[in-house]
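Using my numbering, the letters of the sequence shown correspond one by one to residues 16 to 388. Note sheet for the following structure.
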Amino acid sequence: MRDELLKQATRVVIKIGSSLVASRDTGLRPEQIDRLADEIVAIQASGREVLIVSSGAIVSGIKKLGLKEYPKSLPVKQAAAAVGQSRLMWAYEKSFERLGVKVAQVLLTHHDLADRRRFLNARHTLSALIGFGVIPIINENDTVAVDEIRVGDNDTLAAEVAHLVDAELLIILSDIDGLYTEDPRKNSAATLISLIPDITEEIEERAGASSTFEGTGGMATKIQAAKKVSEYGVATLILNGQKAGLLPHVLAGGPGGSLFLAKERRFTSRKHWIAFTLRPRGTMTLDPGAVEALARRGKSLLASGILNVSGAFDVGDAVSCLDQDGKEFAKGLVNFSSETLTQIKGLKTAEIQQQLGPQEYEEVIHRDNLAIL
Ligand code: GLU
């Protein structure tokens, strides 16, 4: 199962962690970049389509600016990203050029992905690049991205890209071997789990307490990335990118790393985007009848089923639907602002008309804009 999947995956997104390509003391690591480029080009030459999501801009920038430590202030971090990104890209450019392969820089923010038109535009651009045999090298546009427009970490960005380009496999390369049964530093009997059919709550919890799994932080975002893409039918491989030759070896069916299987795809791209890319701007608590109508009977949401509205949102924003226990069970795009909904919650369509006059929409969330989680 594992071997087949790894051998057959055609479109792959490879996330390269900062520690693989840069160090704070020495800056970029050209020898590592060359080795990774060699391995990635070999993978591409075997008939696969490859996209890279690479970190390392900030770490590389720290060295270039001569900073003593990891910057705390945002403008300095962004300055480091700006000087580091061009150096990072230049290193990739040179390295892939040796092998006759063209690369392209693509910088994205959450904003680019949360706007459906920009999302589709990015998808078309990336497809065009792949069509030319170019390897896109993607990073977050750290220089301009702050807070609400930031994806925040590249594990998550790589997951978003895997969905964006309809990949079959997401590969997360870092300096860890994968997911262990226990903390290998504390228990020598700990073994690497090579296949994870399902990301259970237990796995998520253990990854949350990151130090029980690995030396450096970050297992939690990797597991969350795997979970996100698994809902879209994409498998995730976590692999140690420090080990020369491991990547092509594992893709050829050899042992190594941890593979998280995908679930059957439940959503269209658009509904997956609503469910996993968009951030909810508010919540609506629904009565049991409305919960049942949405979750079991595929209905749209009407104002009469809404008990409570919180948050400040506008027409077209993503909003979470909660049951009476406060559990989020659906997410959708609303046809009314939070202000209007506060006035009309619990009311029937005729009552709304009496109160506010004729409305453009009857549904608060149309079923086509609703993802049941
Ligand atoms: N975008 C950041 C950088 O290139 C890295 C973010 C991350 O590692 O998750 O420096």
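Each residue gets a CB set at the ideal place from its N, CA and C atoms; glycine is no exception. A quick note: this is a predicted structure, and the numbers were derived from the prediction, not measured.
I need the straight-line Cα distance from residue i to residue j, nearest angstrom please.
i	j	result
Q368	L317	13 Å
V98	T196	40 Å
T300	S325	9 Å
R17	S61	19 Å
S75	A205	34 Å
F282	V161	29 Å
S315	E216	30 Å
I208	Q59	27 Å
D213	A37	33 Å
L185	H126	22 Å
I164	D157	10 Å
D40	T357	55 Å
E366	A308	21 Å
S110	V116	9 Å
D49	N323	56 Å
I145	Q120	13 Å
F228	R294	Legend: pLDDT at F228 = 41, less than 50; position of this residue unreliable, value from coordinates given subsequently. So the two alpha carbons sit approximately 29 Å from each other.
G167	E155	8 Å
R311	K342	16 Å
G81	T140	36 Å
E19	R63	14 Å
L266	Q47	19 Å
G268	Q374	58 Å
R296	N202	44 Å
E112	P45	13 Å
Just to confirm before moving on: does the CB-CB distance between residue i and residue j stay below 8 Å?
i	j	result
L128	T292	yes
F351	V330	yes
A52	L103	no
P270	A57	no
K243	A333	no
D190	S319	no
L274	A235	no
I152	I253	no
G260	I321	no
V149	V176	no
I73	A95	yes
L123	L172	yes
K92	P86	yes
G256	G42	no
G304	R382	no
D340	V306	no
Can you give me the Cβ contacts of residue i inside the same chain, cut-off strictly under 6 Å, excluding the 5 residues immediately before and after it?
i	result
G248	A277 and R280
S226	Here S226 scores only 44 on pLDDT, less than 50, and its place in the model should not be relied on; the value that follows carries that caveat. For S226, where only same-chain residues beyond five positions count, there are no Cβ hits under 6 Å.
G347	I380, N384 and L385
A327	S353
I359	A318 and I367
D302	G320 and L322
Taking all protein chains shown into account, decide if residue i is buried (16 or more other Cβ within 10 angstroms of its Cβ) or exposed.
i	result
K22	exposed
R200	exposed
R221	buried
G193	buried
K83	exposed
L6	Coverage of the chain is limited to positions 16 through 388, which leaves residue 6 absent and any answer about it impossible.
Q370	exposed
G272	buried
S335	buried
Grab me the residues of residue i's own chain with a C-beta within less than 8 Å of its C-beta, minus the 5 sequence neighbours each way, in chain order.
i	result
S142	V180
G372	none
A290	E246, F282, K346, A386 and L388
R285	R131
D170	K30, I187, G233, T236, K237, Q239 and A240
T355	L371
I55	I29, V65, I67, I150 and L262
F147	K117
Kindly list the residues whose CB is nearer than 7 Å to the CB of residue i, restricted to its own chain and excluding five residues on each side of it in sequence; keep chain order.
i	result
E378	S315, L316, L317 and N350
I238	I214, I218, E219 and A222
L89	V161
E108	V118
Y376	N350
Within the 8 Å Cβ cut-off, does residue i reach chain D?
i	result
N169	Here there is only one protein chain, and chain D is not present.
Is there at least one non-hydrogen atom of the ligand ADP closer than 7 Å to the beta-carbon of residue i?
i	result
I289	Absent from the structure shown: the ligand ADP. Ligands present: the ligand GLU.
Next on the checklist: Would you call the stretch 130-139 in contact with the stretch 59-70, where contact means no fewer than 3 C-beta pairs closer than 8 Å?
Outcome noted: With a cut-off of 8 Å, the stretch 59-70 and the stretch 130-139 do not count as touching, because too few Cβ pairs lie within range.
Next on the checklist: With a threshold of 8 Å, are at least 3 pairs of Cβ atoms found where one atom belongs to the stretch 165-180 and the other to the stretch 20-29?
Outcome noted: Here the stretch 165-180 makes contact with the stretch 20-29; the two share three or more CB pairs at distances below 8 Å.
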